[in-house]
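In the numbering used here, the protein residues as written are 10 to 103.
Where is the CB? At the ideal position from N, CA and C, for every residue including glycine.
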């Protein structure tokens, strides 16, 4: 057991896990904003962009709109159901 704790400290896994939790919380906040906007059946693009910028504490919007995040819900649903808003978000949230 002592060897495992030492290895974790040596590899800095505790820091990586903490960082992973921080990014996950940011992602969940951003995903919730998008999901709520979708549920309104006509999201306001400017309000959505403002809310996303305000809540992007860790700079993950680029991943959500340009990386693999765009393949995940609710981002893929926004792209599918509201393509104009999706493109505006992609152009604006670089």
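query, result
"CB contact check: residue 78 to chain D, cutoff 8 angstroms", "Here chain D cannot be found, since the structure has a single protein chain."
"Where residue 50 falls: helix, strand or coil (DSSP)", "coil"
"For residue 94, the first and last residue of its enclosing alpha helix (DSSP H)", "92-101"
"For residue 42, three-class secondary structure by DSSP", "helix"
"Best match in 58, 44 and 72 for proximity to residue 97 [C-alpha to C-alpha]", "58"
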